[in-house]
Amino acid sequence: MPVALAGKVKLRFHLYYAPKRTLACDEMLKKAGVMGSLVIGEFPMDLVPVEEDILSLELSDGFNDLFVHNDRSSLHTVAGSVNKLQSLFGLIPNVKYKGSMSQVVVESMALFQKKRQAEGHGVGSVEPEIDTLILLDRTVDLVSPLVTPFTYEGLLDEIIGITNGVVKVDAELVEDDSDKAKKQPAAAGLVPVNLNSTDALYAEVRDYHTERLGAHLQNKAREIRERYEEFRKKNASISEIRDFVKRIPGLKQSYAALQLHINFAELIKRTTDSKAFTDLWHHERSMLEGQSLLEELEELIGCQEPLLKVLRLLCLQSLTTGGIKAKSFDLLRRELIQTYGFEMLLILGNLEKVGLLRRQDSLFPVATSSAFLTVRKSLRLINDNVNVLNPKDIAYVTKGYAPLSVRLVEIAATNKMTHTTGWKTIQDTMKQLPGPSEEFSQAPPVAEAPGTTRHAKWDM
1 MPVALAGKVK LRFHLYYAPK RTLACDEMLK KAGVMGSLVI GEFPMDLVPV
51 EEDILSLELS DGFNDLFVHN DRSSLHTVAG SVNKLQSLFG LIPNVKYKGS
101 MSQVVVESMA LFQKKRQAEG HGVGSVEPEI DTLILLDRTV DLVSPLVTPF
151 TYEGLLDEII GITNGVVKVD AELVEDDSDK AKKQPAAAGL VPVNLNSTDA
201 LYAEVRDYHT ERLGAHLQNK AREIRERYEE FRKKNASISE IRDFVKRIPG
251 LKQSYAALQL HINFAELIKR TTDSKAFTDL WHHERSMLEG QSLLEELEEL
301 IGCQEPLLKV LRLLCLQSLT TGGIKAKSFD LLRRELIQTY GFEMLLILGN
351 LEKVGLLRRQ DSLFPVATSS AFLTVRKSLR LINDNVNVLN PKDIAYVTKG
401 YAPLSVRLVE IAATNKMTHT TGWKTIQDTM KQLPGPSEEF SQAPPVAEAP
451 GTTRHAKWDM
């Protein structure tokens, strides 16, 4: 009987696309001959709350899709997510953007809003809770992601790797002193550790410079020990003992978190104290100041340094000097292929395609060769006197270099507070950066006031 039924049952499988269904995937399923067995749906997973104050689309391949594969679907996902925010928190009254991709997002948002208004679903009834939307293309600031961070969270991501707020580390890094004393063999594989604001200590120190981190963790350890010692030496009453016992779980949790971050801090210190790390920082800083380190790059390739390290420095050199002269470029490319394999041809080609790497074909440097120099000076991106222990400038995060994209947001926010005209105060600098710029205000449409949307447009 079961055999007979098995022949009559038609199995169907459910397939859900995240965040949306695509024609390309449908075509692949048709070619595979499985469309008839599938029930297809969409799971519009867009904004992910990775922190209390951070919503992320987690589009890790977005830049690659846009500039290598010319796939702009991620831009519509971004526009849809912003429109969702506006439907929940009201129409954002002030919008600023820089870059051609940001322009596409703004245009897509406008089309969506017009469609919603035509259907009678405007956002005018919701009181705005967000004052300003700032959209920046990644291509506006390609330099900052290549610079090594010096904050606790930044170095954890650099050394171990943080994915969706989770790091995977050896079990021995998670063990506390009592576990190590038992000398039990560590479990095979890696242990996941959540890194977010639910860990009060991590929330406190995640943005600390590494030079500030060690002393702070030592103070925390001293505080916990003093709490235990204070109670142990005290002739406590029954009620005081009961209150202390209630606090023990919290103290143990605090101690476990402290031990974890001490282990992480020791791992980071072993890395940052190494000569290789110090040399890397000096190379990056020299390039940010406009120096040419082509000989040093050749030496790194000859020593077969990690490929990612070499490519990051190569791209940083190209971006800060407006490209690499043809003769030097060809020499470095040849050495990279000989050292790391023929797949370097595709990698280098893609880096050129997305603008991270540029070959100077002209004998005379073009205007872009001085673009970063101009922007660096006008926006004060290099700060030699930053106080990493009590920072007043965002440049502390890299021990002296302020990320360009952060500077642009700072200027927009500061000027907003002082009632000046936003990025227009640095219009000459903005012209050195790629893509169009626009600042405008928006308000819900009303019949008696057709001119409520005011634009102040200035193309770059």
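Heads up: the sequence shown runs through residues 1 to 460, numbered per full-length UniProt numbering.
Here a beta-carbon is modelled for each residue, glycine too, at the ideal position from N, C-alpha and C.
Since we're looking at a predicted model, the values are computed, not measured.
For the beta strand (DSSP E) containing D170, list its first residue and its last residue.
First-last of the beta strand (DSSP E) with D170: V166 to D170.
Mapping the DSSP letters down to three states, classify Y208 as helix, strand or coil.
Of the three classes helix, strand and coil, the one that applies to Y208 here is coil, per DSSP.
Over what stretch of residues does the alpha helix (DSSP H) that includes E27 continue unbroken?
Run containing E27: L23 to A32, per the alpha helix (DSSP H) assignment.
Please classify F342: is it buried, with 16 or more other beta-carbons within 10 angstroms of its beta-carbon, or exposed?
Answer is exposed; the Cβ neighbour count stays below 16.
Does DSSP put F150 in a helix, a strand or coil?
Three-state DSSP puts F150 in coil, outside helix and strand.
Could you say if the segment 333-342 and the segment 294-307 meet the contact criterion of at least three C-beta pairs nearer than 8 Å?
Yes, the segment 333-342 touches the segment 294-307.
According to DSSP, is Q360 part of a helix, a strand, or is it coil?
It is a strand residue.
Do you know how far the Cα of Q360 is from the Cα of K327?
Those two C-alpha atoms are separated by around 9 Å.
I need the boundaries of the beta strand (DSSP E) containing V191, first residue and last residue.
It spans L190 to N194 - the beta strand (DSSP E) in which V191 sits, taken as one unbroken run.
List, from N- to C-terminal side, the alpha helix (DSSP H) runs of 4 residues or more that fit wholly inside the segment 67-99.
You should have 73-89.
Measuring only the C-alpha atoms, how far is K457 from F67?
Confidence at K457 is low in this model, with a pLDDT of 43, below 50, so its placement is unreliable and the value that follows should be read with caution. So the alpha carbons of these two residues sit roughly 26 Å apart.
What does a CB cutoff of less than 6 Å around F112 pick up in its chain, not counting 5 residues either side in sequence?
These residues qualify, in order along the chain: N83.
Kindly indicate the opening and closing residues of the alpha helix (DSSP H) around I54.
Taken as a continuous stretch (DSSP letters only), I54 belongs to no alpha helix (DSSP H), being part of the beta strand (DSSP E) at I54 to S56.
May I ask you to report which of helix, strand or coil DSSP gives P145?
Three-state result, P145: helix.
For I382, which three-state DSSP category applies?
Three-state result, I382: strand.
In the structure shown, what three-state DSSP assignment does T139 receive?
In this structure, T139 counts as helix in the three-state DSSP scheme.
What residues in its chain sit with their C-beta under 7 Å from that of G400, if we drop five residues either side in the sequence?
Once the five neighbours on either side are set aside, the close Cβ partners of G400 are R285, I382, N383, D384 and V386.
So what's F372 in DSSP terms, helix, strand or just coil?
Of the three classes helix, strand and coil, the one that applies to F372 here is helix, per DSSP.
Counting only runs that start and end within the segment 289-327, where is the alpha helix (DSSP H) found for 4 or more residues in a row?
If we require 4 residues or more, the alpha helix (DSSP H) runs fully inside the segment 289-327 come out as 294-302 and 307-320.
Are R206 and Y255 close, meaning C-beta to C-beta below 8 Å?
No; because the gap between Cβ atoms is not below 8 Å, this pair is not in contact.
Quick check on H388: does DSSP put it in helix, strand or coil?
Strictly speaking, residue 388 in this sequence is Val, with His absent from that position. Reduced to three states, the DSSP call for V388 is coil.
So is K96 buried or exposed if we call it buried at 16+ other beta carbons inside 10 Å?
The residue in question, K96, is buried, as its Cβ has 16 or more Cβ neighbours within 10 Å.
Between the alpha carbons of K114 and G120, how many angstroms are there, rounded?
Their backbone Cα atoms lie some 10 Å apart in a straight line.
Could you check where the alpha helix (DSSP H) with G349 kicks off and where it finishes?
Note, G349: alpha helix (DSSP H), M344 to V354.
Helix, strand or coil, according to DSSP, for E175 in the structure here?
E175 falls in the coil class under three-state DSSP.
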